[in-house]
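Visitor: Below are the structure tokens for one structure; questions will follow.
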């Protein structure tokens with residue numbers, strides 16, 4: 004099956020810093036989503052991005068499907084950005100990466 | 210608020226018992242998905258339904274079953290529960306079955 008790897012596993016930032024999270028996948032996929040799981044456990048959809056670039060406020064994402072990776076950019080990070088960021092890909096089923104745990108310190 | 214509702218929020222039960230988790234998708238969404246999140250296995254896809262029919266199957270145990278009803282709500286039945294079934298169970302929905310998925314708040318199951 005498809006393997007999904009996320010890096011880094013953990014990231015600690017000061018408020019206001021920028022960061023880049025990476026998701027590599029081992030085979031062609033039909034779609035890709037980025038999610039944020041907040042400290043209360045809620046999974047929030049950030050981007051549906053099988054290819055190309057999208058932006059939503061301080062967040063943006065780029066997927067290069069031919070090279071099998073996606074990047075999530077967080078600019079001017081805030082404490083409310085803390086949580087775990089998951090990349091998930093769909094081929095015949097949904098496969099999640101292990102996540103990047105982000106801690107933003109005030 | 211994603212628009213996906215799940216009940217109950219918490220469930221505590223004993224080994225060997227059977228429970229039913231319920232999910233109502235966002236208005237207009239035809240597809241429902243079930244996921245399990247545990248500390249050791251991470252987030253795992255269980256099963257997908259589209260307009261009442263099973264569309265995709267993941268790592269769902271034989272002790273688990275699901276269905277999607279004509280009103281599009283879905284139920285996940287877990288039977289002969291084991292300690293290892295303790296987890297957060299998420300339901301998600303999407304419009305077409307191959308687009309953005311929106312997650313419900315989850316049901317936390319504790320098996321004692």
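Chains as they are written, first to last, in this note's numbering: chain A, 4 to 109; chain B, 210 to 321.
For each residue, glycine too, the CB sits at the ideal point set by N, CA and C.
1) Counting contacts by CB-CB distance shorter than 8 Å, is residue 96 of chain A in contact with chain B?
2) Taking only beta-carbon positions, decide if residue 28 of chain A is within less than 8 Å of chain B.
3) With a CB to CB cut of under 7 Å and the five nearest residues on each side skipped, what residues in its chain are close to residue 48 of chain A?
4) Measuring only between beta-carbons, confirm whether residue 36 of chain A sits less than 8 Å from chain D.
5) Would you say residue 101 of chain A reaches chain B, if we count a Cβ-Cβ gap shorter than 8 Å as a contact?
6) Find the nearest neighbour of residue 268 of chain B within the set B:274, B:255, B:278, judged by alpha-carbon distance.
7) Residue range of the beta strand (DSSP E) that residue 94 of chain A falls in?
8) What do you reckon, are the CB atoms on residue 211 of chain B and residue 312 of chain B nearer than 8 Å?
9) Considering only the alpha carbon of each residue, which of A:9, A:30, A:8, A:22 lies closest to residue 106 of chain A?
10) Is residue 44 of chain A close to chain B, meaning its C-beta is less than 8 Å from at least one C-beta of that chain?
11) Please state if the CB of residue 242 of chain B and the CB of residue 300 of chain B are separated by a distance shorter than 8 Å.
12) Starting from residue 48 of chain A, find everything on chain B with Cβ-Cβ shorter than 8 Å and list it in chain order.
13) Starting from residue 41 of chain A, find everything on chain B with Cβ-Cβ shorter than 7 Å and list it in chain order.
14) How many angstroms separate the CA atom of residue 215 of chain B from the CA atom of residue 20 of chain A?
15) Quick one: grab the DSSP three-state call for residue 68 of chain A.
16) Using C-beta distances below 7 Å, list every residue in its chain close to residue 11 of chain A, excluding the 5 sequence neighbours before and after it, in chain order.
17) Check whether the Cβ of residue 299 of chain B lies closer than 8 Å to any Cβ atom in chain A.
18) Could you pull out every residue in the same chain whose Cβ sits closer than 6 Å to the Cβ of residue 109 of chain A, ignoring the five residues on either side in sequence?
19) Below 9 Å between beta carbons is the criterion; list the residues of the stretch 66–100 of chain A that meet it against any residue of chain B, in chain order.
20) Using a C-beta cutoff of 8 Å, does residue 306 of chain B count as contacting chain A?
21) Roughly how many angstroms lie between the CA atoms of residue 221 of chain B and residue 229 of chain B, to the nearest whole one?
22) For a test of your reading of the model: does the CB of residue 20 of chain A fall under 7 Å from any non-hydrogen atom of the ligand SAM? Yes or no.
23) Would the stretch 90–98 of chain A count as touching the stretch 22–33 of chain A if we require 3 or more Cβ pairs under 8 Å?
Guide: Put simply:
1) For the purposes of this step, residue 96 of chain A is taken as residue 93 along the first chain, with counting starting at 1. Chain B, which has a Cβ nearer than 8 Å to the Cβ of residue 96 of chain A, makes this yes.
2) As a first step, residue 28 of chain A is located in the first chain; it is residue number 25 there, counting from the start. For residue 28 of chain A, the answer is no, since every Cβ of chain B falls outside 8 Å of its Cβ.
3) In the first chain, counting from the first residue as 1, residue 48 of chain A sits at position 45. Residues 36, 38 of the same chain have their beta carbon placed closer than 7 Å to that of residue 48 of chain A, with the five preceding and five following residues left out of the count.
4) Protein chains A and B are contained in the structure displayed, whereas chain D is not.
5) What you label residue 101 of chain A is simply residue 98 of the first chain in a count that begins at 1. It does; some Cβ of chain B falls within 8 Å.
6) Locating residue 268 of chain B in the second chain gives position 59, counting from the first residue. Nearest of B:274, B:255, B:278 to residue 268 of chain B, Cα basis: B:255.
7) What you label residue 94 of chain A is simply residue 91 of the first chain in a count that begins at 1. Membership of residue 94 of chain A in any beta strand (DSSP E) is not indicated, and neither H nor E is assigned to it by DSSP.
8) What you label residue 211 of chain B is simply residue 2 of the second chain in a count that begins at 1. What you label residue 312 of chain B is simply residue 103 of the second chain in a count that begins at 1. Result yes, Cβ atoms of residue 211 of chain B and residue 312 of chain B sit closer than 8 Å.
9) Reading the first chain from its first residue, position 103 is the one you call residue 106 of chain A. Looking at the Cα atoms, A:22 is the closest of the given residues.
10) The sequence position of residue 44 of chain A within the first chain is 41, counting from 1. Contacts with chain B at 8 Å (Cβ-Cβ) include residue 44 of chain A.
11) Taking the second chain and counting its residues from 1, the one referred to as residue 300 of chain B is at position 91. Taking the second chain and counting its residues from 1, the one referred to as residue 242 of chain B is at position 33. Yes, the Cβ-Cβ distance between residue 300 of chain B and residue 242 of chain B is below 8 Å.
12) Position 45 of the first chain, counting from 1, holds the residue named residue 48 of chain A. Per Cβ cutoff of 8 Å: 211, 309, 310, 311, 312.
13) As a first step, residue 41 of chain A is located in the first chain; it is residue number 38 there, counting from the start. Per Cβ cutoff of 7 Å: no residues; residue 41 of chain A is ~11 Å from chain B at best.
14) Residue mapping note: residue 215 of chain B aligns to position 6 of the second chain, counting from 1. Residue mapping note: residue 20 of chain A aligns to position 17 of the first chain, counting from 1. Just so you know, the alpha carbons of residue 215 of chain B and residue 20 of chain A end up roughly 36 Å apart.
15) The sequence position of residue 68 of chain A within the first chain is 65, counting from 1. Note: residue 68 of chain A maps to helix in three-state DSSP.
16) For this step, residue 11 of chain A is matched to residue 8 along the first chain. Take residue 11 of chain A, set aside five residues on each side of it, and the residues of its chain with a beta-carbon closer than 7 Å to its own are 103, in chain order.
17) Sequence index remark: in the second chain, residue 299 of chain B carries index 90 (1-based). It does; some Cβ of chain A falls within 8 Å.
18) Taking the first chain and counting its residues from 1, one reaches residue 109 of chain A at position 106. Scanning its chain for C-beta atoms nearer than 6 Å, with the 5 sequence neighbours on each side dropped, one finds around residue 109 of chain A the residues 18, 82, in chain order.
19) Taking 9 Å as the Cβ-Cβ cut-off against chain B, the residues of the stretch 66–100 of chain A that qualify are 89, 91, 93, 95, 96, 97, 98, 99, 100.
20) Indexing the second chain from 1 puts residue 306 of chain B at position 97. Any Cβ of chain A closer than 8 Å to the Cβ of residue 306 of chain B would place that residue at the interface, and such an atom is absent.
21) Translated into the one-based positions of the second chain, residue 221 of chain B becomes position 12. Translated into the one-based positions of the second chain, residue 229 of chain B becomes position 20. Distance between the alpha carbons of residue 221 of chain B and residue 229 of chain B: 12 Å.
22) Annotation note on the ligand SAM: not contained in the displayed structure, which lists no ligands.
23) Below 8 Å, enough C-beta pairs join the stretch 90–98 of chain A and the stretch 22–33 of chain A to call them touching: three or more.
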